[in-house]
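Student:
Number of protein chains: 2
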Amino acid sequence: MYLVLSTEILGHEGGTRGYDAPMSTGARRPTGPRRVTISDVAELAGVSTAAVSRSFNGAERLPPSTVKRIHDAAAQLGWRPNATARAMKRAAAHTFGFILLRAPDLLGSDPFFPLFLAGLEPGLSADAYALMIRFVSTAEEEKNCYRDWVAEGRVDGFVLTDLRDDDYRLDLLAELNVPAVVAGDPGRSTPSSAVFHTTDGCIREMVDGWADRGHSRIAHVMGDPALLHARRRRDVWAAAMAARGLRTDLIAEGGFTEAGADQATRKLIAAENPPTAIFYGSDVMAAAGMRTLAELEVRVGVDIAIAGFDDVPLAPYLSPPLATIACDYRELGAEAAAILLEEVSRSHPRGRSARAGKRLELDGAFIARASYEIEPGPSSPRETSSSAA
Amino acid sequence: MYLVLSTEILGHEGGTRGYDAPMSTGARRPTGPRRVTISDVAELAGVSTAAVSRSFNGAERLPPSTVKRIHDAAAQLGWRPNATARAMKRAAAHTFGFILLRAPDLLGSDPFFPLFLAGLEPGLSADAYALMIRFVSTAEEEKNCYRDWVAEGRVDGFVLTDLRDDDYRLDLLAELNVPAVVAGDPGRSTPSSAVFHTTDGCIREMVDGWADRGHSRIAHVMGDPALLHARRRRDVWAAAMAARGLRTDLIAEGGFTEAGADQATRKLIAAENPPTAIFYGSDVMAAAGMRTLAELEVRVGVDIAIAGFDDVPLAPYLSPPLATIACDYRELGAEAAAILLEEVSRSHPRGRSARAGKRLELDGAFIARASYEIEPGPSSPRETSSSAA
DNA sequence: CTGAAAGCGCTTACAG
DNA sequence: CTGAAAGCGCTTACAG
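Residue numbers (the numbering used here), protein chains in the order written: chain A, 319 to 707; chain B, 319 to 707.
1. I'd like the ranges of any beta strand (DSSP E) spanning at least 3 consecutive residues and lying wholly in the stretch 443-496 of chain B.
2. Whole angstroms are fine: how far does the CA of histidine 538/A sit from the CA of alanine 403/B?
3. Looking only at its chain, what residues have a beta carbon closer than 6 Å to the beta carbon of glutamate 679/A, apart from the 5 residues adjacent to it on each side?
4. Pull the bridge partners of threonine 642/A from the DSSP assignment, please.
5. Could you give the residue range of the beta strand (DSSP E) that holds histidine 538/A?
6. Based on Cα-Cα distance, which residue from Arg552/B, Cys645/B, Asp621/B lies nearest to proline 638/B?
7. Would you tell me roughly how many angstroms separate the C-alpha atoms of phenylalanine 416/A and phenylalanine 476/A, rounded to the nearest one?
8. Flag this pair as yes or no: are the beta carbons of isoleucine 643/A and isoleucine 569/A separated by less than 8 Å?
9. When the Cα atoms are used, what is the spatial distance from leucine 425/B to tryptophan 397/A?
10. For aspartate 390/A, decide whether its Cβ has a neighbour in chain B, counting only Cβ atoms nearer than 8 Å.
11. Compare the Cα-Cα distances from proline 422/A to each of Glu439/B, Gly675/B, Arg465/B and report the closest residue.
12. Compute the Euclidean distance between the alpha carbons of proline 583/B and tyrosine 486/B, then round it to the nearest angstrom.
13. Exposed or buried, what is alanine 544/B when buried is set at 16 or more other beta-carbons lying within 10 Å of its beta-carbon?
14. Tell me where the beta strand (DSSP E) around phenylalanine 514/B begins and ends.
15. Within its chain, find whatever has a CB closer than 8 Å to the CB of tyrosine 635/B; leave out the 5 residues flanking it on each side and keep chain order.
16. Are the Cβ atoms of glycine 651/A and leucine 433/A separated by less than 8 Å?
17. Taking the continuous beta strand (DSSP E) assigned at alanine 625/B, which residues delimit it?
18. Would you mind telling me which residues of chain B sit closer than 9 Å to valine 630/A, beta carbon to beta carbon, in chain order?
19. Which residues in the same chain as glycine 344/B place their Cβ atom closer than 8 Å to its Cβ, once the five residues preceding and following it in sequence are excluded?
20. Whole-angstrom Cβ separation of leucine 632/A and alanine 405/B, contact assumed at under 8 Å?
21. In the DSSP assignment, find the alpha helix (DSSP H) that holds phenylalanine 374/B and state where it starts and stops.
22. Can you name the start and end residues of the beta strand (DSSP E) that valine 385/B belongs to?
23. Starting from proline 432/B, find everything on chain A with Cβ-Cβ shorter than 8 Å and list it in chain order.
24. Applying the criterion that 16 or more other CB atoms from any shown protein chain within 10 Å of the CB defines a buried residue, is threonine 508/A buried or exposed?
25. So, helix, strand or coil for tyrosine 690/B, using DSSP?
26. Chain B partners of tyrosine 635/A, CB-CB under 7 Å?
27. If you check the beta carbons only, do glutamate 571/A and valine 602/A fall under 8 Å apart?
28. Report yes if the C-beta distance between aspartate 629/A and isoleucine 685/A is below 8 Å; otherwise report no.
29. Find the nearest neighbour of glutamate 493/A within the set Asp474/A, Arg465/A, Val662/A, judged by alpha-carbon distance.
30. Thinking just about the alpha-carbon of each residue, which of Asp390/A, Asn375/A, Glu590/A, Leu380/A is nearest to the one in threonine 358/A?
31. Which partner residues of glutamate 679/A appear in the DSSP bridge assignment?
32. Which residues in chain B have a C-beta closer than 8 Å to the C-beta of proline 399/A? List them in chain order.
33. Could you name the residues of chain B that glutamate 439/A contacts, counting a contact when the two beta carbons are closer than 8 Å?
34. Any beta-carbon of chain A closer than 8 Å to the one on threonine 402/B?
35. Could you tell me the alpha carbon to alpha carbon distance between glutamate 653/A and valine 468/B, rounded to whole angstroms?
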């Protein structure tokens, strides 16, 4: 924290700059030069601290010559307004919190988190907001973190992802009465704003396309049912199937993990009437399922059609290339940032919970790659493949 | 930032708690209840603010009964010490910075960032340190961010990744004189500590294994040569090749991208004497290369052997499963956190740049999956595959 | 052992 | 237009 007044910073005028930094102010610090403060700049520029502050906050007008003198002095001393002191005066941390409750082993393959963050953060920092991130491992820890960060004044609002069934965080946020944006469809009215991809049409398009090609046994490997988006994908798949008069009992849980997808795939293929097509709730599950299918000697793209969800960068490089539903998670992050900034700019000291939050829907897209494009044989795929032998 | 004294928080004693929160203190705020402060707690508990502070900082001893009274009062009011005020007094933000200069399109498939973060953050927050993240898109922005965050007192130190050739950040950090930990091998002595995986042995094992099987034309698709780890992988591959008396001219740049890997693979296969094995500098490039090879009708695992680097979760699910070099990036993050905390705990108000930083090396592991296991045919792979026709 | 008071580094009504 | 002074919410020597 101690700013070293190196000659670099002082433009090599260290010895002759006609300014002696006070070397102690009740300093109980071990050693080291003391921090440069607004007073040092004021003194060097020959103005009051108020003038320095004003010149850095732009609101009030000062003579240009004074502003220049102050800015020169600040540059010479390498001074910038201390963010902590500023935050204290303003009673705002100028920081948002992002708390993640996630199995860490899911993070390595999940395309959502890094892209969302890469979209979110630049949007916030463009407005000088910082982002504070926390990984928690239990709901208890998570709950405490939300409360603590607000009570301690660490954050001015939150970003939420991975909405869960009956998610207590929505009510918690309402109680805490802080701005928040939910990245995901809350499925109900909430005081928090929300932004999410609407992929219902994509899933319908996928199911209808398969149905049009003659598929009737279209299975679904769903993600973790505790997650709202996993349930939503399942529900839309089921509705699309029902709309075509198709049965929806070919379903298994894959929990968004590779191992789960492997088990789910085996279960589906072992069914009396195995599917001719499988819609996996994520590309990661689809990729794992592809290997399982290969092991079971069910050829993807020949005996069975599959599709995933997310459009991970590797999806086109699988063999056959994986059909999927693409969502731009970076865009989602960027929109979340914009909404959050809008939330805080409207100051609702109270009554935030009174109004309903904004809703912004983004479009997903169905991408029909080779893994999608097969027509079911006259018999089940396994019979087909054995009849070829 | 305004804490709502809801009945929830007050344990439903809101009306009869015998305590009237002062409703204004020169409050110029729009509306809303004012923030609960240490004075409110002191008043309710019938002690001084000093006592409240002490009871929350543990150092000095207070009578247990007083501590209890204070803590009860704090709980009743939902008060927690304001982090900003605390930081100001302590002249420390209790926060570390993590600034990323990265092409955002690389983030979606990169296993490093999310896992590293998932290891790093819990380590820091266990010690009540926060992590501030920033994505920048130019070196200029990056440099300013380091300087600004220190000058503004936003952070107490930094985490660095993606070390570049002749990386100016190492000197910048030394100049700024703040604690830092580098995740990666700086390749030279630096005042910052560093933690990284040593994979030289893994790469040698891979090359030697191929050489032992009779491969002599082992190519390398390297990552972005601006990055130190890409260069290191190349150098170690080249040294291992040279040690076996093998030529090192079969090399191409893939830039860590799918498209780059595609181009690099085409270039290598088009060579007069194409390789019988390819070491890709990342799994993402290897996966992309696999598709290119398939398009070129060079069969991985039959005509050519390949291996990647990173061990992404999908690696075992490619076909054939991808041999690779595994590094535990979560462990790397956890170790980086530990080192950083150790750095700040030793207070070096000056002279940080005098001593050399600590070095911690972690082990990588070579994982020989099916894509690795072929022996080269008597002729080149393309001749082999055409002679089979 | 406990409290009054100074001070962390700013910002901003307020007074000149 | 400009500055002196109060105050943001804490912590901590210092004095009782």
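By construction, the Cβ of each residue, glycine as well, lies at the ideal position given by its N, Cα and C atoms.
Note that the structure is predicted; figures quoted are calculated from it, not measured.
Tutor: Reading off the structure:
1. Segments of the beta strand (DSSP E) lying fully in the stretch 443-496 of chain B: 448-454, 475-478.
2. Counting from one through the second sequence, the residue named residue 403/B turns up at place 85. Counting from one through the first sequence, the residue named residue 538/A turns up at place 220. Each residue's CA atom was taken as its position, placing alanine 403/B and histidine 538/A some 53 Å apart.
3. Translated into positions along the first sequence, residue 679/A becomes position 361. Excluding residues within five positions, the ones whose Cβ falls inside 6 Å are Thr516.
4. In the first sequence, counting from the first residue as 1, residue 642/A sits at position 324. DSSP, once it has assigned bridges, lists Ile685/A as partnering threonine 642/A.
5. As a first step, residue 538/A must be located in the first sequence, where it is residue number 220. Its beta strand (DSSP E) spans residues 536-540.
6. The count along the second sequence starts at 1 and reaches residue 638/B at position 320. Comparing Cα-Cα distances from proline 638/B to each of Arg552/B, Cys645/B, Asp621/B, the minimum goes to Asp621/B.
7. Locating residue 416/A in the first sequence gives position 98, counting from the first residue. Locating residue 476/A in the first sequence gives position 158, counting from the first residue. Approximately 6 Å between the Cα atoms of the pair.
8. Working through the first sequence from its first residue, we reach residue 643/A at position 325. Working through the first sequence from its first residue, we reach residue 569/A at position 251. Not in contact: isoleucine 643/A and isoleucine 569/A (Cβ atoms no closer than 8 Å).
9. Within the second sequence, residue 425/B is the residue found at index 107, counting from 1. Within the first sequence, residue 397/A is the residue found at index 79, counting from 1. Those two C-alpha atoms are separated by around 34 Å.
10. For the purposes of this step, residue 390/A is taken as the residue at position 72 of the first sequence. Using a Cβ-Cβ cut-off of 8 Å, aspartate 390/A does not count as an interface residue toward chain B, since no Cβ of chain B sits closer than that to its own.
11. On the first sequence, position 104 is the one that residue 422/A refers to. Nearest of Glu439/B, Gly675/B, Arg465/B to proline 422/A, Cα basis: Glu439/B.
12. The residue labelled residue 583/B in the question sits at position 265 within the second sequence. The residue labelled residue 486/B in the question sits at position 168 within the second sequence. Just to set this straight, residue 583/B is threonine in the shown sequence, not proline. Straight-line Cα distance between these residues: approximately 33 Å.
13. Within the second sequence, numbered from 1, the residue matching residue 544/B stands at position 226. Under this definition alanine 544/B is an exposed residue.
14. Along the second sequence, one-based indexing puts residue 514/B at 196. Looking at the DSSP string, the run of the beta strand (DSSP E) that includes phenylalanine 514/B is 511-516.
15. The residue you call residue 635/B lines up with position 317 of the second sequence. In its chain, beyond the 5 residues on either side, no residue has a beta carbon closer than 8 Å to the beta carbon of tyrosine 635/B.
16. Here residue 651/A is taken as the residue at index 333 of the first sequence, counted from 1. Here residue 433/A is taken as the residue at index 115 of the first sequence, counted from 1. Note that the C-beta distance between glycine 651/A and leucine 433/A is below 8 Å.
17. Sequence index remark: in the second sequence, residue 625/B carries index 307 (1-based). Judged by DSSP secondary structure, alanine 625/B falls within the beta strand (DSSP E) whose first and last residues are 623-625.
18. Numbered from 1 along the first sequence, position 312 holds the residue referred to as residue 630/A. For valine 630/A, the residues of chain B that pass the 9 Å Cβ criterion are Gly426, Ser427, Leu632, in the order they occur in the chain.
19. Translated into positions along the second sequence, residue 344/B becomes position 26. Only weak support exists for where glycine 344/B lies, its pLDDT of 33 falling under 50; the value from the coordinates is given anyway. Nothing meets the Cβ criterion.
20. Working through the first sequence from its first residue, we reach residue 632/A at position 314. Working through the second sequence from its first residue, we reach residue 405/B at position 87. At roughly 43 Å, the Cβ-Cβ gap does not stay under 8 Å, so leucine 632/A and alanine 405/B are not in contact.
21. By one-based count along the second sequence, residue 374/B stands at place 56. In this chain, the alpha helix (DSSP H) harbouring phenylalanine 374/B covers 367-375.
22. Along the second sequence, one-based indexing puts residue 385/B at 67. Valine 385/B -> not in any beta strand (DSSP E); alpha helix (DSSP H) instead, spanning 382-395.
23. Numbered from 1 along the second sequence, position 114 holds the residue referred to as residue 432/B. Against proline 432/B, the close residues of chain A are Leu425, Gly426, Asp428, Phe431, Pro432, in the order they occur along the chain (beta-carbon pairs closer than 8 Å).
24. As a working mapping, residue 508/A is identified with position 190 in the first sequence. It counts as buried.
25. Counting from one through the second sequence, the residue named residue 690/B turns up at place 372. Here tyrosine 690/B sits in helix by DSSP.
26. Start at 1 with the first residue of the first sequence, and residue 635/A comes out as number 317. Residues of chain B whose Cβ lies closer than 7 Å to the Cβ of tyrosine 635/A are, in chain order, Glu576, Ala605, Ala606, Met608, Arg609.
27. Translated into positions along the first sequence, residue 571/A becomes position 253. Translated into positions along the first sequence, residue 602/A becomes position 284. Cβ distance not < 8 Å, so glutamate 571/A and valine 602/A don't count as in contact.
28. On the first sequence, position 311 is the one that residue 629/A refers to. On the first sequence, position 367 is the one that residue 685/A refers to. It is a contact, given that the beta carbons lie within the stated cut-off.
29. Residue mapping note: residue 493/A aligns to position 175 of the first sequence, counting from 1. It is Arg465/A.
30. For the purposes of this step, residue 358/A is identified with residue 40 of the first sequence, where counting begins at 1. Rather than threonine, the amino acid found at residue 358/A in this sequence is aspartate. Sorting Asp390/A, Asn375/A, Glu590/A, Leu380/A by C-alpha distance to the C-alpha of aspartate 358/A places Asp390/A at the top.
31. Against the first sequence, residue 679/A aligns to sequence position 361. Glutamate 679/A is bridged to Phe514/A.
32. One-based indexing of the first sequence puts residue 399/A at position 81. By Cβ distance, chain B contributes Glu470.
33. Residue numbering aside, residue 439/A sits at position 121 when the first sequence is read from its first letter. Within chain B, the residues whose beta carbon sits less than 8 Å from that of glutamate 439/A are Ile451, Arg452, Phe453, listed in sequence order.
34. For the purposes of this step, residue 402/B is taken as the residue at position 84 of the second sequence. Answer yes: the Cβ-Cβ gap between threonine 402/B and chain A drops below 8 Å somewhere.
35. Stepping through the first sequence from its first residue, residue 653/A is reached at position 335. Stepping through the second sequence from its first residue, residue 468/B is reached at position 150. Between the C-alpha atoms of glutamate 653/A and valine 468/B there is a straight-line separation of about 29 Å.
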